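Protein sequences, first through last, are from chains Z and C.
When we follow our numbering, the leftmost residue of the first sequence carries the number 4, and every step to the right adds one.
When we follow our numbering, the leftmost residue of the second sequence carries the number 108, and every step to the right adds one.
No residue lacks a Cβ here, since even glycine has one placed at the ideal position from N, Cα and C.
Source: prediction; values computed, not measured.
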Amino acid sequence: MSRFPISRRTVLKGIGTTLALPLLECMAPSQVTAAGKQQYPNRMAFLYVPNGKNMADWTPKQEGTDFELPLILEPLAKVQKDLCILTGLTADKARPNGDGGGDHARANAAFLTGCQPRKTDGADINVGQSVDQAAAERIGHLTRFPSLELGIDRGNTSGNCDSGYSCAYQSSISWRGPHTPTGKEVNPRLVFERLFGDASAGQSGDARARRDMYRRSILDFVQEDAAQLRSRVGATDRRKVDEYLTSVREIELRLSGKQWEPISPPTGMTKPDGVPKDYADHIRLMCDLMVLAFQGDLTRICTFAIANDGSNRSYPFIGVSEGHHELSHHGGNKDKQSKIAKINRFHVTQFAYLLEKLKSIPEGNGTLLDHAMIAYGSGISDGDRHNHDDLPIVLAGGGCGTVKPGRHIRYRIGTPLNNLWLSMLDRMGASVDRLGDSTASLKGLDEDV
Amino acid sequence: MPAELRYLLRLAGLLASGVVLWGGTVSWGGTGALAVDASHEQAFRQAVRPFLTQYCLGCHNDKQRKGELSLERYQDSSMALKERVLWEKVLENVQDGIMPPDDKPQPKTEEVASLRAWIEAHLSLPDANGHRNPGRVTIRRLNRTEYNNTIRDLFGINFRPADDFPSDDVGYGFDNIGDVLSLSPLLLEKYLAAAESVAAKGLAKDLEEDGPQTSTFDGRKLKSTLKGSGRSVVSLNSTGEAYVEFDFPKDGEYRVRIKAFGEQAGDEPARMTLRIGKNDEKTFDVTAEGDKPGTYETTVEAKEGERRVAAAFINDFYDPKNKDENRRDRNLIIMSLTIQGPLDRDGQVDVGKQRRILLAEPGKGGPQEAARKIFSLLARRAYRRPVTMAEVNRLVGFVDLALKQGESFEKGVELAVQAMLLSPHFLFRVELDGARSGSSSIEAIDDHQLACRLSYFLWSSMPDDELYRHASEGTLRKGSMLEQQARRMLADAKSQALVENFAGQWLQLRNLQLATPDRRLFRSFGGDLRTAMQRETEMFFAYIKNEDRSVLDFIDSDYTFLNERLAQHYGIKNVKGDEFRIVPLVDYQRGGILTQASVLTITSNPTRTSPVKRGKWILEQILGTPPPPPPPNAGELGEDEQAVLSGSLRQRMEQHRANATCASCHSRMDPLGFGLENYDATGAWRTSDGKFPIDASGELPDGNSFKGPAELKKVLLGKKDQFARAFTEKMLTYALGRGIEYYDRHAVDEIAAALDKDEYKFSRLIVEIVASEPFQYRRGRDINPGGKP
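Right, here's the structure in full:
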């Protein structure tokens with residue numbers, strides 16, 4: 004049996020050292036174009052970090068290609084040439100706009116949707132489709148999994164969430180539709196089982212085909228049940244039944260579409276035991292799984308919430324015992340600000356781990372990172388002011404040559420964050436006219452503005 | 108006292124004090140519009156409108172919209188009636204003295220009373236049929252706990268497939284709210300996988316007869332110290348053992364069951380000793396004989412690891428001269444030896460009643476007939492209601508499908524079980540409108556739906572056979588049957604679900620797992636203390652439930668549950684050992700949930716206490732009056748070095764409150780939190796915080812003041828009506844799976860009043876909730892009077 008380097012604190016200790024992931028022994032997801040040139044698919048991921056940043060230590064002083072990485076971004080030094088630091092983007096729908104308190108819930112729910120979450124404790128949850136799901140709807144059928152949703156924190160399991168907003172807003176960045184959060188996996192073992200389960204079941208092609216046939220007839224059966232039920236219930240219930248039907252159809256589509264060969268986990272890798280105790284280990288393990296999913300073309304779309312917004316997690320292992328949220332209301336206190344910067348830098352260190360790993364995997368003449376767009380950021384700028392303009396956002400990767408990285412670009416304050424999402428959709432071949440509060444595709448990613 | 112009567116008395120009281128009174132009624136008709144009586148309108152003009160003009164519109168007008176609220180447009184009562192929730196908030200703020208602010212002219216008591224009477228009157232008026240709006244619960248998906256429990260009770264297997272499902276989102280403080288429970292493709296994928304593994308495990312269990320934790324060894328698998336093993340039974344013809352080397356998976360309690368009989372001779376029965384390793388655990392008189400073997404069972408403690416488990420024959424006897432040739436030789440025949448475990452130490456839930464899937468085998472009627480037998484019963488139980496023949500036949504179709512594929516009958520049954528478990532009828536708690544349901548009707552939910560509401564409320568699981576039978580036979584609502592059932596279920600071990608799910612969320616206990624007190628400041632905090640804290644509160648809640656104590660014990664009690672670890676943390680002597688036990692409390696430091704370390708820890712920051720969080724917690728969970736969220740840019744405590752040196756946390760917070768915009772809420776929250784300042788961020792008692800002595804005194808906006816936690820609790824006990832209502836609202840939210848709306852006010856009043864009359868007994872609350880209109884009725888599908896869609 005092979006071991007994937009997972010229960011491997013030893014390796015993880017060497018932060019910053021690139022560890023070569025074993026290559027997936029499967030088809031390279033490339034296509035040969037008519038001109039005989041190999042093409043690799045573009046991938047997109049969105050990483051969310053909570054409670055804003057200590058912006059003074061985040062925003063580079065210089066613009067353009069020649070910029071110094073400030074304290075928080077320093078860990079990204081090795082991949083600086085692969086980054087676009089985007090300054091000035093704004094999530095207007097995270098602002099109260101008449102709804103009062105609740106910035107954390109709003110920031111979380113508005114980040115990828117660009118829609119104003121309806122203020123409700125539950126009766127009528129409503130926000131909008133998020134960028135990843137807009138992409139999944141359009142190009143998700145090209146891969147085994149339309150999209151992958153990862154997280155670290157489970158949703159709140161009790162009590163009240165932020166100021167009259169249902170906890171659903173605060174625990175979900177990915178939304179299938181206005182009423183339905185996509186749900187996320189926080190347990191690496193379950194992600195692994197999802198990605199590679201078929202292969203480990205060791206069934207023959209015939210057995211799998213028969214199993215899928217049975218599954219399809221079961222899905223047919225329950226669709227009929229649901230359709231009947233739908234005709235007998237009132238409007239609110241119908242919405243729930245529709246949600247069910249949509250999910251059934253999606254799974255059915257997956258089963259009746261292209262028959263995917265099971266992909267074996269790379270040699271030298273076993274199933275993770277569960278949730279690592281150590282936060283950094285947990286984040287990195289999720290990053291590893293994301294890389295594998297991209298590498299094996301199991302999906303091209305991923306979201307990863309490194310923590311839910313409003314998180315009050317403490318970081319004693321880097322000398323910060325106070326809760327993150329508590330600290331973020333720093334009131335101008337220098338000591339608190341520097342602790343926030345420490346937390347921010349810790350998160351960025353994990354981000355750097357992901358990028359370096361993507362960069363270590365060759366694909367054609369480039370690397371996996373060249374064929375990806377990894378967005379990283381928060382829906383809050385300064386945690387004390389709770390402002391949602393001038394957001395801390397990084398876009399890493401070359402996007403298959405559609406992004407010209409290695410720059411710090413400053414946009415006019417107020418430029419919708421969703422313009423960035425819109426332009427990423429274009430680059431994925433999943434264009435939409437509008438997404439949330441977008442006004443136009445974001446200029447300047449592939450050229451100097 | 109019935110609510111109507113109290114309402115009349117209140118009006119009479121107002122009349123005596125010269126407050127305006129009207130005799131109007133309000134009702135709503137089929138259109139959903141409210142028909143407003145002229146005198147109600149008149150009362151609005153005489154009492155409410157002038158009040159608004161004089162005390163509110165100065166700030167809350169269309170121009171200023173202070174606090175993003177304008178009351179200017181409420182010119183008449185029908186306009187006002189459209190937004191009931193808003194008026195409830197208005198009332199709350201005025202009543203609590205938060206509005207108008209102190210520096211503005213204050214209304215007279217009777218003016219407030221008029222406002223209150225008017226608002227309350229129209230918040231709780233019945234329709235023409237005497238029904239109040241009972242609300243309409245959105246179809247509820249089973250949450251993770253309910254899924255696990257339902258599978259457990261359906262098949263008798265305890266393997267918690269839902270632990271791998273994504274979290275259920277929380278709304279109104281609970282994770283069983285129909286509106287909030289969504290269903291993503293990811294979850295459906297998990298449902299599919301769970302259905303497959305549950306069906307497989309369920310059938311495997313049937314085929315092996317017992318659950319996965321049970322190992323049975325028959326004669327072929329047992330070894331014998333004598334000759335002649337390897338047959339279907341082990342015959343011990345002389346002193347010797349039938350044994351097996353068993354690998355106990357972990358330390359714990361195991362049940363050992365031996366099926367045996369004796370070939371009797373002499374004047375005593377065959378004796379059998381159960382040995383584990385070298386220890387004699389128990390000796391049985393095996394009086395059973397070959398025509399009717401006996402089962403001999405006991406529980407044993409066993410250590411992890413491989414050990415010999417033996418049934419020993421210890422009284423061999425041979426009397427070849429006996430006249431009766433059947434009484435010459437005493438032998439012991441061991442048929443099988445079964446080891447079950449480890450048993451759940453808290454073993455509350457007895458899954459023992461094994462639930463089979465394969466209730467019928469293909470016989471003369473062929474596989475279809477057998478499958479029909481199986482699913483007539485199974486689908487009814489899985490869907491928790493009667494099923495039609497058509498529904499059963501559709502499931503039977505899977506047996507046909509499997510057979511056509513050349514697979515077994517069992518495979519077909521397995522597929523049908525999968526389909527059943529993926530069906531919306533299983534995954535959702537469906538409540539259909541009655542056939543005659545009109546758009547404006549309010550009708551009782553049917554008995555099966557009622558049984559489900561009851562079982563998911565008290566057990567987080569499906570109805571059991573007895574409850575189902577009453578629903579089917581139409582006896583559930585007869586006489587006092589519903590109350591009897593509720594009490595029976597409350598007494599059942601399965602009601603532990605209320606502790607884990609209701610209490611875990613009401614008290615926010617589940618957050619304790621996420622608490623991270625700074626280990627440098629709180630050295631004693633570790634995994635075992637965290638567990639102990641949780642256990643105390645759970646046992647405390649369970650005790651109040653099981654012993655049917657007064658719910659006021661939650662506020663203050665003269666007992667709690669401790670083990671040595673936690674007692675040490677509390678500075679209570681003479682509690683030794685890991686076992687938790689009830690401990691009488693003799694001093695004023697502890698008693699009730701507010702002084703339990705669990706609650707005190709989850710309402711603290713990692714490095715210090717947070718009087719604000721504690722105060723907010725009391726307002727939300729105990730008094731039911733959560734403060735509004737802070738305005739953006741509220742500003743924070745000065746915590747730079749100079750500020751910290753200059754005064755205690757309390758002094759700095761008091762400076763913060765000097766700011767008028769903060770004061771209106773913080774004057775409610777902070778004093779409550781200060782009252783608990785004697786407990787540090789992990790709930791240990793203290794008399795100073797650093798160099799500053801603790802000042803645990805406080806004064807509430809209503810004038811009540813106290814010194815220290817004991818007096819704070821007295822003040823709270825003085826508000827027991829308010830607590831009873833707040834607790835009722837939480838429990839009702841949990842019971843219904845929806846948020847509490849203004850139209851529930853009447854039901855909440857009634858339940859709280861009944862609680863008051865019955866010494867605040869826990870069971871009274873449950874029984875009254877079950878008897879209430881929101882629990883038993885539902886609104887026709889299209890009525891939407893003034894509420895949210």
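Residue i at chain Z interface by Cβ criterion, 8 Å
i: C:Glu686; result: no
i: C:Glu857; result: no
i: C:Glu175; result: yes
i: C:Pro737; result: yes
i: C:Gln556; result: no
i: C:Gly278; result: yes
i: C:Val537; result: yes
Cut-off 6 Å between Cβ atoms - residues of its own chain near residue i, not counting five sequence neighbours on either side
i: Z:Ser324; result: Ser317
i: C:Asp282; result: Asn250, Asp275
i: C:Thr394; result: Pro376
Bridge-paired residues (DSSP) for residue i
i: C:Lys471; result: DSSP output for C:Lys471 lists no bridge partner at all.
i: C:Met646; result: Note: C:Met646 sits in no beta bridge, so no partner.
i: C:Val341; result: C:Ile441
i: C:Tyr786; result: C:Trp792
i: Z:His411; result: Z:Gly67, Z:Ile88
i: C:Thr702; result: DSSP lists no partner for C:Thr702.
Among the options, the one whose alpha carbon lies nearest that of residue i
i: C:Ser602; options: C:Ser567, C:Pro207, C:Gln512, C:Thr667; result: C:Ser567
i: Z:Ile88; options: Z:Phe114, Z:Asn111, Z:Met58, Z:Ala113; result: Z:Met58
i: Z:Leu50; options: Z:Val134, Z:Ile309, Z:Trp263; result: Z:Ile309
i: Z:Arg415; options: Z:Thr62, Z:Asp69, Z:Leu92; result: Z:Leu92
i: Z:Arg147; options: Z:Pro268, Z:Pro181, Z:Gly260; result: Z:Gly260
i: C:Gly384; options: C:Cys166, C:Glu348, C:Ser562, C:Tyr677; result: C:Glu348
i: C:Lys683; options: C:Ile858, C:Ala817, C:Arg672; result: C:Arg672
i: C:Gln153; options: C:Asn200, C:Arg172, C:Ala224, C:Asp210; result: C:Ala224
i: Z:Gly299; options: Z:Asn190, Z:Leu371, Z:Ile377, Z:Gln132; result: Z:Leu371
i: Z:Gly432; options: Z:Gly143, Z:Asp95, Z:Ala112; result: Z:Gly143
i: C:Gly473; options: C:Met496, C:Val503, C:Ala489, C:Arg488; result: C:Val503
Contacting residues, own chain, Cβ-Cβ under 8 Å from residue i (five flanking each side not counted)
i: C:Thr667; result: Glu643, Phe647, Ile689, Val690, Leu692, Arg697, Gly698, Gln703
i: Z:Arg241; result: Arg233
i: Z:Gln83; result: Leu72, Gly409
i: Z:Gly105; result: Pro99, Lys122, Asp165, Ser166, Gly167, Tyr168
Test: residue i CB closer than 8 Å to a CB of chain C
i: Z:Ala433; result: no
i: Z:Ile155; result: no
i: Z:Lys243; result: yes
i: Z:Leu193; result: yes
i: Z:Gly55; result: no
i: Z:Thr116; result: no
i: Z:Val236; result: yes
Distance cut-off 7 Å: residue i Cβ against heavy atoms of the ligand SAH
i: Z:Arg197; result: What this structure holds is no ligand at all, so the ligand SAH is not there to describe.
Spatial neighbours of residue i in its chain, beta-carbon cut-off 7 Å, leaving aside the 5 residues before and after
i: Z:Asp449; result: Thr405, Val406, Lys407
i: C:Lys518; result: Ala509
Proximal residues of chain D, C-beta to C-beta of residue i below 7 Å
i: Z:Lys96; result: Among the protein chains of the structure shown, namely Z and C, there is no chain D.
Closer than 8 Å is the cut-off here; do at least three beta carbon pairs connect the stretch 232-248 of chain Z with the stretch 165-174 of chain Z?
no
Are at least three pairs of beta-carbons, each pair with one atom in the stretch 71-80 of chain Z and one in the stretch 328-340 of chain Z, less than 8 Å apart?
no
Is there contact here, the stretch 664-682 of chain C with the stretch 872-888 of chain C, by at least three beta-carbon pairs under 8 Å?
no
Do the stretch 373-393 of chain C and the stretch 321-336 of chain C touch if we need at least three Cβ pairs shorter than 8 Å?
no
Below 8 Å, how does it come out for the stretch 809-817 of chain C and the stretch 244-258 of chain C: are there three or more Cβ pairs, yes or no?
no
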